[in-house]
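K.L.:
Handing you this structure, nothing more for now.
There are 2 protein chains.
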Amino acid sequence: MITVNALSEVAALMGDPARAAMLSLLMDGRAHTASDLALTAGITAQTASGHLSRMVEGNLLAARAQGRNRFYRLASSDVAHAIESLMALAGTRATPASRTAAWRRDPDLRFCRTCYDHLAGQVGIAVTDSLTQHGYLEPKGPRDWKLTEPGELFCERLGVDLPGARQASSRHFARQCLDWSERRPHISGALGAAIADTFFKRGWAERLRRSRTVRLTDSGRRALGSHFGATV
Amino acid sequence: MITVNALSEVAALMGDPARAAMLSLLMDGRAHTASDLALTAGITAQTASGHLSRMVEGNLLAARAQGRNRFYRLASSDVAHAIESLMALAGTRATPASRTAAWRRDPDLRFCRTCYDHLAGQVGIAVTDSLTQHGYLEPKGPRDWKLTEPGELFCERLGVDLPGARQASSRHFARQCLDWSERRPHISGALGAAIADTFFKRGWAERLRRSRTVRLTDSGRRALGSHFGATV
DNA sequence: TCAATGGTTCGGCAGAGGCCGAACCATTAG
DNA sequence: CTAATGGTTCGGCCTCTGCCGAACCATTGA
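Protein chains in written order, with the numbering used here: chain X, 886 to 1117; chain G, 886 to 1117.
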């Protein structure tokens, strides 16, 4: 059956430690240069080049040339979600003896990280919960959210680029994304990305280099309290 | 980082063609003997034994001895969902040139199949849609459903074993599961499994050997019309 | 007790593929 | 033009692991 082969092929692509390290870095949703990815994976540039072209061939990554550099990013959010689901599985792999799941061992990552291009972890959940509890966001269908009229006002007041988010017409606007550490949905899609952008632009959060981990700044912690009525 | 290794390890387990073939068979939610799995994968028993113990070690499978036989099944529905998400990815891997996704090439599988232990494909979606449109099922939270009072009556009339489904207390009762061919949610969890059981027990559907494909019988087609008001 | 059947362990073989050094191409800066 | 930098291709090495034959263990049935 053709799907069996396809399954093993795509899984095998993710199943190499060096490629998994690259994919993990790319889970921050940004594009990275080939040498950057090689450094992260701890391999030479020529080895990385082989891995990268194989992942492009397998439709996991997309490549874009810019000057002397070549930038690689995840091919789609579907890829990101498949990786998240595997990570969720890996996180629960703990035996009954040592109950501590893998992600528990990195509290910073659990606290706040990027999931592709939006916020995840405790902070992502806190933001999402605040939006739903204030009636700014309502569940719509099984995997989407509806931004209510008060929600639009709130976002505008916050400085979220709503027109920009709506412009990406091919993309889901407000999507539910399962958080693998909190095991509950957080806001993703174009709106989720726009909200995350706001956090970065206003200095509420900072990306850590070579990691999906995000640091919540002091002003970010205050903003969570004043704007969202949440404490983390 | 520990999560990176965990990711590559679990992906590598799924990334071998023989193991992927076994996992694919086990996606029917049932337990299969070691020799059965070996036959499916097209390898000898001793080779299969090695694969199986590695997958048990990696918490993908659970094993149960019974007499001379040894039965293997997926360790949890999380495993099934991770595999589904990879299959969804593999299905969209088609190049722009040949746009037909992989699952399109198996219309029977797309029409009706088991997803772990419940019905999926067009039939699964038809059942789910019917239940929601009649007000028997209401979305509850992002990933669950609520069975309404009329819904309970309907299920009892149908012969669904509701007490049995409720007994599995550790399990989600009515869960939303994303259908990778229809790209919409169908009913899973204990209730989804109980409904699927009803279909098999009443002779409305039959499992095909060595496959997740399910055949809808003539009486099943009529039942869909009379009980669910649906045509497929 | 003895065969038959299902399953696992062991040992050795062979192929796949990850890795790097070296060479090569492309773009930018001086 | 030349040098520097980023990236890829090529060739060969080497490990990893999937595979099977053979032997072994466990359960069942006669």
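Each residue gets a CB set at the ideal place from its N, CA and C atoms; glycine is no exception.
Could you tell me which of G:Ala905, G:Gly1105, G:His936 sits nearest to Arg1087 (chain G), measuring between CA atoms?
P.N.:
Of the listed residues, the one whose Cα sits closest to Arg1087 (chain G) is G:Gly1105.
K.L.:
Whole angstroms is fine: what's the gap from Trp988 (chain X)'s alpha carbon to Gly1110 (chain G)'s?
P.N.:
Low confidence applies here, because Trp988 (chain X) scores a pLDDT of 44, under 50, leaving its location unreliable; read the following figure in that light. Whole-angstrom Cα-Cα distance: 48 Å.
K.L.:
When you compare the region 937–956 of chain G with the region 932–941 of chain X, are there three or more beta-carbon pairs, one atom per stretch, that lie closer than 8 Å?
P.N.:
No: the two stretches stay apart, fewer than three of their Cβ pairs being nearer than 8 Å.
K.L.:
Among the candidates G:Cys1040, G:Asp1014, G:Leu1101, G:Tyr1001, whose CA atom is the shortest distance from the CA of Ala967 (chain G)?
P.N.:
Selected option, being the one with the closest Cα: G:Tyr1001.
K.L.:
Between which two residues does the beta strand (DSSP E) containing Phe956 (chain G) stretch?
P.N.:
Element bounds for Phe956 (chain G): 954–959.
K.L.:
Residue range of the alpha helix (DSSP H) that Thr1017 (chain X) falls in?
P.N.:
That run of the alpha helix (DSSP H) goes 1006–1018.
K.L.:
Note down, in chain order, every chain X residue with its Cβ under 9 Å from the Cβ of Gly927 (chain G).
P.N.:
By Cβ distance, chain X contributes nothing, its closest Cβ being about 11 Å from Gly927 (chain G), past 9 Å.
K.L.:
Using 8 Å as the limit for Cβ to Cβ distance, is Gly1077 (chain X) near chain G?
P.N.:
No - not a single Cβ of chain G is within 8 Å of the one on Gly1077 (chain X).
K.L.:
Using a Cβ cut-off of 9 Å, pull out every chain G residue sitting near Ala897 (chain X), in sequence order please.
P.N.:
Those are Ala896, Ala897, Met899, Gly900, Asp901, Pro902, Ala905, listed as they occur along chain G.
K.L.:
Please identify the residue among G:Arg1042, G:Ile928, G:Gly1114 whose C-alpha is closest to the C-alpha of Thr1013 (chain G).
P.N.:
Nearest option by C-alpha distance: G:Gly1114.
K.L.:
Measure the alpha-carbon distance for Asn954 (chain G) versus Ser962 (chain X) and round it to whole angstroms.
P.N.:
Taking the straight line from one Cα to the other gives about 43 Å.
K.L.:
Hey, would you say Arg1056 (chain X) sits closer than 8 Å to Ile1010 (chain X), going by beta carbons?
P.N.:
Their beta carbons are not under 8 Å apart, which means Arg1056 (chain X) does not touch Ile1010 (chain X) by this criterion.
K.L.:
Suppose contacts are defined by Cβ-Cβ distances below 8 Å. Is Val964 (chain G) in contact with Leu971 (chain X) by that definition?
P.N.:
No, these two residues do not count as a Cβ contact at 8 Å.
K.L.:
Of all the options X:Arg904, X:Thr1116, X:Gly1020, which has the alpha carbon lying nearest to the alpha carbon of Ala926 (chain X)?
P.N.:
For Ala926 (chain X), the nearest C-alpha among the options comes from X:Arg904.
K.L.:
Does DSSP put Ile928 (chain G) in a helix, in a strand, or in coil?
P.N.:
Reduced to three states, the DSSP call for Ile928 (chain G) is coil.
K.L.:
Cα separation between Arg1082 (chain X) and Leu1093 (chain G)?
P.N.:
The amino acid occupying residue 1082 (chain X) in the given sequence is Asp; Arg does not appear at that position. Near 50 Å, if we compare the C-alpha coordinates of Leu1093 (chain G) and Asp1082 (chain X).
K.L.:
Would you please state the rounded distance, in angstroms, between the beta carbons of His1112 (chain G) and Leu1043 (chain G)? I believe it to be under 8 Å.
P.N.:
Correct: roughly 6 Å between the Cβ atoms.
K.L.:
With DSSP as the reference, identify every bridge partner of Trp1089 (chain G), one or two as the case may be.
P.N.:
Answer is none; Trp1089 (chain G) lacks a bridge partner.
K.L.:
According to DSSP, is Ala1059 (chain X) part of a helix, a strand, or is it coil?
P.N.:
Three-state DSSP puts Ala1059 (chain X) in coil, outside helix and strand.
K.L.:
Tell me which same chain residues have a C-beta within less than 6 Å of the C-beta of Cys997 (chain G), skipping the five on either side of it?
P.N.:
Once the five neighbours on either side are set aside, the close Cβ partners of Cys997 (chain G) are Gly1006, Val1008, Val1099, Leu1101.
K.L.:
Any beta carbon of chain G sitting closer than 8 Å to that of Val964 (chain X)?
P.N.:
Closer than 8 Å to some Cβ of chain G, the Cβ of Val964 (chain X) qualifies, so yes.
K.L.:
Determine the burial state of Ala1075 (chain G): buried for a count of at least 16 other Cβ atoms within 10 Å of its Cβ, exposed for fewer.
P.N.:
Its Cβ being crowded by 16 or more others within 10 Å, Ala1075 (chain G) is buried.
K.L.:
Alpha carbon to alpha carbon, what distance is there between Ala919 (chain X) and Leu937 (chain X)?
P.N.:
Approximately 8 Å, taken between the alpha carbons.
K.L.:
Out of curiosity, what's the CA-to-CA distance linking Gly900 (chain X) and Leu892 (chain G)?
P.N.:
Spanning the two alpha carbons is a distance of roughly 7 Å.
K.L.:
Determine whether the beta carbon atoms of Asp913 (chain X) and Arg1097 (chain X) lie at a separation below 8 Å.
P.N.:
Yes; because the gap between Cβ atoms is below 8 Å, this pair is in contact.
K.L.:
Anyone know if the C-beta pair for His1019 (chain G) and Gly1077 (chain G) falls short of 8 Å?
P.N.:
Against a cut-off of 8 Å, the Cβ pair of Gly1077 (chain G) and His1019 (chain G) comes out as no contact.
K.L.:
For Ala950 (chain X), count the other beta carbons within 10 Å of its own beta carbon; 16 or more makes it buried, fewer makes it exposed. Which is it?
P.N.:
Result: exposed.
K.L.:
To the nearest angstrom, how far is the alpha carbon of Ser1021 (chain G) from that of Met940 (chain G)?
P.N.:
The amino acid occupying residue 1021 (chain G) in the given sequence is Tyr; Ser does not appear at that position. Computed Cα separation, rounded: 39 Å.
K.L.:
What separation, rounded to the nearest whole angstrom, lies between the Cα atoms of Thr999 (chain X) and Leu898 (chain X)?
P.N.:
Each residue's alpha carbon lies about 23 Å from the other.
K.L.:
Could you spell out the range, first to last residue, of the beta strand (DSSP E) harbouring Arg915 (chain X)?
P.N.:
From DSSP, Arg915 (chain X) is part of no beta strand (DSSP E); its letter is neither H nor E.
K.L.:
Just how far apart, CA to CA, sit Pro1035 (chain G) and Leu1047 (chain G)?
P.N.:
Taking the straight line joining both Cα atoms gives about 13 Å.
K.L.:
Tell me the rounded alpha-carbon separation between Asp1084 (chain G) and Leu910 (chain X).
P.N.:
Note that residue 1084 (chain G) corresponds to Phe in the displayed sequence, not to Asp. Roughly 46 Å separates the two Cα atoms.
K.L.:
Return the CA-CA distance between Trp856 (chain X) and Pro1024 (chain G), expressed in angstroms with no decimal places.
P.N.:
Summary: the structure shown does not reach residue 856 (chain X), with chain X confined to residues 886 through 1117, and so no result is reported for it.
K.L.:
Kindly indicate which three-state DSSP category Cys997 (chain X) falls into: helix, strand or coil?
P.N.:
Of the three classes helix, strand and coil, the one that applies to Cys997 (chain X) here is coil, per DSSP.
K.L.:
Name the DSSP bridge partner or partners of Ser909 (chain G)?
P.N.:
Ser909 (chain G) pairs with nothing; no bridge assigned.
K.L.:
Residues of chain X with CB under 7 Å from Ala967 (chain G), in chain order?
P.N.:
Within 7 Å Cβ-Cβ: Ser970, Leu971, Leu974.
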